[in-house]
Amino acid sequence: MQSLSWGGVVVKSRRQFRGWHWRACRAALWFLGRAFAAAASLDPRVAGEVTGWAEGLTVLLEVEPYGPYLALGKRDGSLHLLRRRPDPADLAIYFKNPAGAWRVLSGQIGIAPAYAEHRFCLAGDIAMGMSLVRCLNLVEAYLFPPVLSNRILKRPPQLRRSRLRIYTAAIFGF
Amino acid sequence: MLPKYYEFQNAAKILSGRNALENIPFELKNLGASRPLLLTDRVLQDMGLSEEVIRSLAAGGIEPGGVFADIPADSSLEVVREIAGLYRDRACDSLVALGGGSVLDTAKGVNILVSSGHEDLRELMGVEILRRRLRPLIAIPTTAGTGSEATLVAVIADPEHNIKLEFISYHLLPDVAVLDPRLTLSLPPRVTAATGMDALAHAVEAYTSIQKNPVSDAYAWSAISLIRDYLPRAVADGRNEEARLAMANAALLAGAAFSNAMVGVVHAIGHACGGVSRVPHGVAMAVLLPHGMEYNRDKVGEAYGELLLPLAGAEVYARTPGQARADKAIACVRELGLKFQRETGLPLTLREAGVVEQDLERIAQTALNDGAIIANPKEVDFEDIMGILRRAF
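Line order of the protein sequences matches chains A and H.
To convert a position in the first sequence, counted from 1, into the numbering used here, add 97.
To convert a position in the second sequence, counted from 1, into the numbering used here, add 102.
The following block contains the structure:
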């Protein structure tokens, strides 16, 4: 276990920061990543955004201060989940804390209101960030039922695939 | 309605009024600085304004470590690197920026480099990435429009890669904003009108964005009231010091408002018009503001109706029925633009502003990737932007 000093108070380990928000975020990011990759191959709008990304581009969504994270990369023209955390990532969204991250990942607020509430920082090209936001909005429209997506998205997009198809692809990989 | 959560910061100490320049040495000493680097542009140097600032500093016992006056109309990465090198060579400890948005943005970019120790500004692009205080920065605006003296944004062009680098951080806020009426007396009427419309667009969009909050609303409201009363006077008589100072205050208030509440589709498209078709920013705002308001009207019409009061005054507000106030507010903005078109030749269509029809799609695509879009109250896609552009063309 790694001892840390924080504000003069020694804390025993990073595990002390891993409350239920942290664990819930980790599960949500795991699923979000798989759903994102699925949508990138099944929804032409997400695929179109990814087409515009540079080959080899890395994207990181991370919860500060001690993770969890979701890493994506564009390889051979398509979007893949990355096992290793890219350092540095070409584009990174850092949620300031697990509580704020959970509000977004659980569908309590959308990405735009999360930005308005300063829930995250963004490192990298903001124009690229807007493309990522459009993708995340589409993925959220698939993941969340209408009662949530109608509330958190300014204008819920029309779904080109069924939610079941995206869920199946996210869970089983096809 | 109170937002569930908001943040607000306006760090700049404001010096506004007669002899504001002469107080700069006192403020530098308060900030622990004694050897500033003065940044400005050739036009202001030729007009003698930079010399006036140097005299004010000398009167307070401060000698600049250097003066850099070659800042171009668009701040660029190369210029920022050059100035940062000069700052280090001359062992400066602060920055004094005299000029419009480009000079102020350049100063912010330089401040990032000299404070962070990074060599490549691109490594620090983004939103709330800067994690430490920067060197003291005193902003002396010479236009009454951008509000850069009170904003947390800097945009620096990277001509080599043909992109604009955007930096958003509370640490970019200048420590002091100096509003001296002497500095805007010589602005031509058309520039006065265009920069004034820019300030109006800041205030209106801040009042209706998804990031609005009670504090930014108060700033935006005050800004619009000042613009209503003083912009026509400043356009009609540039030597009117009271009007000039009021507009400088309006621009700062509007800048502080949008710094803490963001802007929206009008600015997203306006930035794109500037990037693709070289339309001056204030002109783009004058053209696009009423069209952007019409686009958002079904979402934030109630807020537009509230804004009729500072836009048109109490009498017009009182005699306009409630359901008609939003349309009347948009009409007021149009009428202001028409007035300035008659008096100064300010363009009111994109065609008049020099945009060609073949560029509209590229403008729309560029606007989609502008960060301002995220705070617009209504969703905006490519077709929506094209609709606004065609109506404004």
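Here a beta-carbon is modelled for each residue, glycine too, at the ideal position from N, C-alpha and C.
From a predicted model like this one, the values you see are computed outputs, not experimental measurements.
Asked	Found
Measuring CB to CB, does G249 of chain H end up less than 8 Å from A353 of chain H?	yes
With 8 Å as the threshold, decide whether the Cβ of M227 of chain H is near any Cβ in chain A.	yes
With C-beta atoms as the reference, is I66 of chain H less than 8 Å away from L347 of chain H?	Since the first residue of chain H shown is 103 and the last is 495, residue 66 of chain H is not available in this structure.
Could you run through the segment 461-483 of chain H and flag, in chain order, every residue whose CB is less than 9 Å away from some CB of chain A?	T468, L470, N471, D472, G473, I475, I476, A477, N478, P479, K480, E481, V482, D483
Against chain H, which members of the segment 216-228 of chain A pass a CB distance test of less than 9 Å?	R216, F217, C218, L219, A220, G221, D222, I223, A224, M225, G226, M227, S228
Apply the 10 Å Cβ neighbour rule to L390 of chain H and answer buried if 16 or more other Cβ atoms are within range, or exposed otherwise.	buried
Apply the 10 Å Cβ neighbour rule to M98 of chain A and answer buried if 16 or more other Cβ atoms are within range, or exposed otherwise.	Confidence in M98 of chain A is poor, its pLDDT being 39 and thus under 50, which makes the residue's placement unreliable; the coordinate value appears in the next sentence. Burial call: exposed.
Might you give, ordered along the chain, the residues of its own chain that have their beta carbon closer than 8 Å to the beta carbon of R341 of chain H, omitting 5 neighbours on each side?	L287
Using DSSP with H/G/I as helix, E/B as strand and the rest coil, what is L470 of chain H?	helix
To which residues of the same chain is L154 of chain A closer than 6 Å at the C-beta, ignoring the five residues directly before and after it?	K171, D187
Is any beta-carbon of chain H found at less than 8 Å from that of E237 of chain A?	no
Going along chain H, which residues have a C-beta under 8 Å from P162 of chain A?	Per Cβ cutoff of 8 Å: no residues; P162 of chain A is ~12 Å from chain H at best.
One question on the structure: do F360 of chain H and H273 of chain H come within less than 8 Å of each other, judged by their Cβ atoms?	no
Under the rule that 16 or more other beta-carbon atoms within 10 Å means buried, what is V458 of chain H, buried or exposed?	exposed
Taking all protein chains shown into account, decide if E262 of chain H is buried (16 or more other Cβ within 10 angstroms of its Cβ) or exposed.	exposed
Go ahead and label G116 of chain A buried or exposed: buried means 16 or more other beta carbons lie within 10 angstroms of its beta carbon, across all protein chains shown.	exposed
Could you tell me which of H:D339, H:L123, H:V198 sits nearest to A135 of chain H, measuring between CA atoms?	H:V198
Quick check on E396 of chain H - is its C-beta less than 8 Å from some C-beta in chain A?	no
Are the Cβ atoms of L226 of chain H and L232 of chain H separated by less than 8 Å?	yes
Flag Y284 of chain A as yes if its beta-carbon sits less than 8 Å from any beta-carbon of chain H, otherwise no.	What the structure shows of chain A is the stretch from 98 to 271, and residue 284 of chain A is not part of that stretch, so it cannot be assessed.
Quick one: measure Cβ to Cβ for R436 of chain H and P392 of chain H, integer angstroms, because I've assumed they're closer than 8 Å.	5 Å
Can you tell which of A:H118, A:A134, A:L126 has the C-alpha that lies nearest to the C-alpha of C232 of chain A?	A:A134
Taking 7 Å as the limit between beta carbons, can you name the residues of its chain near C122 of chain A, skipping five residues before and five after?	V160, P165, P195, A198, W199, L202
Any heavy atom of the ligand NAD closer than 7 Å to the Cβ of H383 of chain H?	This structure lacks the ligand NAD; in fact it carries no ligand of any kind.
What does a CB cutoff of less than 6 Å around N362 of chain H pick up in its chain, not counting 5 residues either side in sequence?	F110, S318
Does the beta carbon of I312 of chain H sit closer than 8 Å to a beta carbon anywhere in chain A?	yes
Quick one: list the residues of chain D neighbouring K251 of chain A, beta-carbon separation under 7 Å, in chain order.	Judged by its chain identifiers, the structure shown contains no chain D, and its protein chains are A and H.
How many angstroms separate the CA atom of R120 of chain A from the CA atom of L158 of chain A?	15 Å
Could one say the Cβ of K106 of chain H lies closer than 8 Å to chain A's Cβ atoms, at least one of them?	yes
Any C-beta of chain A sitting closer than 8 Å to the C-beta of E268 of chain H?	yes
Does V156 of chain A get closer than 8 Å to chain H when you measure Cβ to Cβ?	no
Just the C-alpha distance for K266 of chain H and R257 of chain A, rounded to the nearest angstrom, thanks.	33 Å
Distance cutoff 8 Å, beta carbons only. Does V230 of chain A sit that close to anything in chain H?	yes
Going along the chain, which residues of its own chain have a beta-carbon closer than 7 Å to the beta-carbon of T446 of chain H, five neighbours each way excluded?	P291, R292, A295, V337
Give the range of the beta strand (DSSP E) segment to which F172 of chain A is assigned.	Going by the sequence as given, residue 172 of chain A is Arg instead of Phe. First-last of the beta strand (DSSP E) with R172 of chain A: 166-172.
When the Cα atoms are used, what is the spatial distance from L141 of chain H to S217 of chain H?	17 Å
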